[in-house]
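Structure first, commentary second.
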Amino acid sequence: MGKNLTSRSEDYSKWYNELVVKSDLAENSGVRGCMVIKPYGFAIWEKMQAQLDKMFKETGHENAYFPLFIPKSYLSKEASHVEGFAKECAVVTHYRLKNAEDGSGIVVDEDAKLEEELIVRPTSETIIWDTYRKWVQSYRDLPIMINQWANVVRWEMRTRLFLRTAEFLWQEGHTAHATRQEALEEAEQMMHVYADFVENYMGVPVIKGTKTESERFAGAEETYCIEALMQDGKALQAGTSHFLGQNFAKAFDVKFANREGKQEYVWATSWGVSTRLMGALVMTHSDDNGLVLPPKLAPIQVVIVPIYKGLDQLDSISEKVDSLVKELRSKGISVKYDKRDTHKPGFKFNEYELKGVPVRIAVGQRDLENGTYEVARRDTLQKESVNAEDVVSKIESLLQEIQENIYKKALDYRKDHMTVVDSYEEFKQVIEEKGGFVAAHWDGTMETEDKIKEETKATIRCIPFNTEKEEGKCMVTGKPSSQRVLFAKAY
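What follows is the structure, encoded as structure tokens:
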């Protein structure tokens, strides 16, 4: 099974597209801009979903489900929100088809026009806040802590598997609170939950911060974000959490009686991550041989490949392997024993390397006689012979080691691609030649931000948290600046 992958150095974008398809994660569908997520890719998404869902519930959230269709009038109630999404909306105008009178096929029945057009959900704030109006009367009804797992449609013209598709899967949290402070704390908390997941499960280091006004979510007063760096030096927004203030409560008239009996508008948040995280996972860790998956999210953590001549040898190997498989599974490790007789061991080695399985065990007749297994790790491609009695503990420690190693490797790459600049000329040179995150002073104006974006294609990825205030001068205008912000070209 030849991989025939384009190398990252030759064409990173082509390498990514080929790898997603060849490793059986996803493929393009018959619907332009939409993808089919294949079983192997969906198994990774399911593990992501399960862990995130657990984290959401541990922070007091419950799952619900809201309609896919949103009346057009709902979107127009919050002006900045509709402006932010108007160009990406898919619109349903009719509810019936019919056979063409000339027999040419099926056509839209012009008599079945909807009284009001329906928007296919680009995000659910409007339909949810219309619902919350019925749920909230008193402070006793608050907070509302709801999450939904759903699909959304944003009509993208230029698409790329997982990173930007017209339809994608995600979760969206929507909460309602009695006070501004409570809502702010919720929005910030969810940013930290996302960062915890992305770093400790995906093995991807992130920088936490806030977005500038022009980069905020449409309708938000503050957007918190986590930003990751891919191997080509481009940033990727891995998750966002929004403090919505009272904008949606006012738009949909969601009020509550406080403890003194006075009517107040509630305070809101929304937050989400999507199948875009799958793209981040591929681009952060993988190499020219294929996927490199973090053990915590790999559908198959260990694959065992028998090397044999004749069914007698396979039977004796299988007898030994079956007890190993049971022991590993009893430790919560997912194992596949691949004894297909339709493919040679070399093909299987290649296949599981391409699919990023963290640990591969090979066992042949000689290994049986010596009481050993050949153990190979995907992240470094190193192999070693391990005594049979030690193999389970070795695999347990190896999975932990691989998880830590791929995180460290990504972190080292980010450190090497974090550049501090003071002049605009140096900034342009670094963005063009080196890439990565560039820390620079900015005067806080949208005009300067737009100028930098237009001239360099770099955007302000975030105003980072936990950085010391550092008085300086904007690299473009020379005006005062109180701290450096992070720029990068981005997906």
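If you count the sequence shown from 1, position 264 lands on 298 in my numbering, and the numbers rise without skipping. Glycine residues also receive a C-beta, built at the ideal position from the N, C-alpha and C atoms.
{"Asked": "Between the C-alpha atoms of Gln335 and Arg412, what's the straight-line distance to the nearest angstrom?", "Found": "10 Å"}
{"Asked": "Could you give the DSSP three-state label for Glu220: helix, strand or coil?", "Found": "helix"}
{"Asked": "Using DSSP's beta-bridge definition, name the partner residues of Trp183.", "Found": "Gln205"}
{"Asked": "Assuming Gln182 and Tyr99 are in contact, meaning their beta carbons sit under 8 Å apart, how far apart are those beta carbons, in whole angstroms?", "Found": "5 Å"}
{"Asked": "List the DSSP bridge partners of Cys259.", "Found": "Gly243 and Thr274"}
{"Asked": "As an exercise, report each continuous alpha helix (DSSP H) stretch of at least 4 residues that is fully enclosed by the stretch 288-354, in chain order.", "Found": "310-319"}
{"Asked": "For a test of the three-state rule: what should DSSP assign to Leu176, helix, strand or coil?", "Found": "coil"}
{"Asked": "By the DSSP assignment, the alpha helix (DSSP H) with Ser114 in it spans what residues?", "Found": "Ala113 to Phe119"}
{"Asked": "Decide if the stretch 229-246 is in contact with the stretch 439-448; the criterion is three or more beta carbon pairs, one per stretch, under 8 Å apart.", "Found": "yes"}
{"Asked": "Going by C-alpha distance, which of Leu445, Val300, Glu483 and Gly279 is nearest Asp175?", "Found": "Val300"}
{"Asked": "Report the CB separation of Ser114 from Gly253 in whole angstroms; it is logged as a contact under 8 Å.", "Found": "5 Å"}
{"Asked": "Identify the residues that DSSP records as bridge partners of Ser63: which are they?", "Found": "Paired residue(s): none; Ser63 is not in a bridge."}
{"Asked": "Do the CB positions of Thr274 and Thr209 come within less than 8 Å of each other?", "Found": "no"}
{"Asked": "Flag Glu261 as yes if its beta-carbon sits less than 8 Å from any beta-carbon of chain C, otherwise no.", "Found": "Chain labels in this structure do not include chain C; a single protein chain is all it has."}
{"Asked": "Please list, in chain order, all residues of the same chain as Ile170 whose beta carbon is under 8 Å from its beta carbon, the five residues on each side excluded.", "Found": "The amino acid at residue 170 is misidentified as Ile; the sequence shows Val. These residues qualify, in order along the chain: Leu176, Ile178, Ala210, Val288, Lys289, Phe290 and Val300."}
{"Asked": "Please state whether DSSP places Glu150 in a helix, a strand or coil.", "Found": "strand"}
{"Asked": "Smallest Cα separation from Thr213: which of Asn185, Glu298 and Ile367?", "Found": "Glu298"}
{"Asked": "How long is the line joining the alpha carbons of Val528 and Ile429, rounded to whole angstroms?", "Found": "Because the chain in this structure spans residues 35 to 525, residue 528 falls outside the shown range and cannot be described."}
{"Asked": "Pro333: which of Val393, Arg374 and Ser357 sits nearest, CA to CA?", "Found": "Val393"}
{"Asked": "Only counting the same chain, and skipping five residues up and downstream in sequence, which positions put a Cβ closer than 8 Å to that of Ile180?", "Found": "His95, Glu96, Asn97, Ala98, Ile162, Gly207, His208 and Thr209"}
{"Asked": "Please check the pair Phe196 and Val337, which I expect to be a contact at CB under 8 Å, by giving their CB distance rounded to whole angstroms.", "Found": "Actually they do not touch by this definition, with Cβ atoms about 24 Å apart."}
{"Asked": "Hey, how far is the Cα of Ser308 from the Cα of Cys508?", "Found": "34 Å"}
{"Asked": "On a Cα-Cα basis, can you pick out the residue from Tyr371, Val455, Gln463 and Glu481 that is closest to His475?", "Found": "Val455"}
{"Asked": "Just checking my contact of Pro147 with Cys496 at CB under 8 Å: how many whole Å lie between their CB atoms?", "Found": "Note on residue identity: the sequence assigns Lys, not Pro, to residue 147. At roughly 45 Å, the Cβ-Cβ gap does not stay under 8 Å, so Lys147 and Cys496 are not in contact."}
{"Asked": "Counting only the same chain and skipping the five closest in sequence on each side, list residues whose C-beta sits under 7 Å from that of Thr193.", "Found": "Gly67, Thr199 and Ala200"}
{"Asked": "Can you look up Pro105 in the DSSP assignment and give me helix, strand or coil?", "Found": "strand"}
{"Asked": "Does the stretch 336-350 come close enough to the stretch 368-379 that 3 or more CB-CB pairs lie under 8 Å?", "Found": "yes"}
{"Asked": "Check the DSSP bridge columns for Met452 and list the partner residues they point to.", "Found": "Phe471"}
{"Asked": "On the three-state DSSP scale, how would you describe Leu520?", "Found": "strand"}
{"Asked": "How should Pro101 be labelled, buried or exposed, when 16 other C-beta atoms within 10 angstroms of its C-beta is the threshold for buried?", "Found": "exposed"}
{"Asked": "Out of Tyr166, Gly75 and Thr127, which has the shortest C-alpha to C-alpha gap to Leu203?", "Found": "Gly75"}
{"Asked": "Report the three-state DSSP secondary structure of Pro156 (helix, strand or coil).", "Found": "coil"}
{"Asked": "Count Cβ pairs between the stretch 482-489 and the stretch 443-450 that sit closer than 8 Å; are there 3 or more?", "Found": "no"}
{"Asked": "Rounded C-beta distance between Ala272 and Ala283? I'm assuming under 8 Å.", "Found": "So it is not a contact: roughly 28 Å between Cβ atoms."}
{"Asked": "Please classify Lys389: does DSSP put it in a helix, a strand, or coil?", "Found": "coil"}
{"Asked": "Out of Glu466, Ser138 and Ile153, which one is the CA nearest neighbour of Tyr108?", "Found": "Ile153"}
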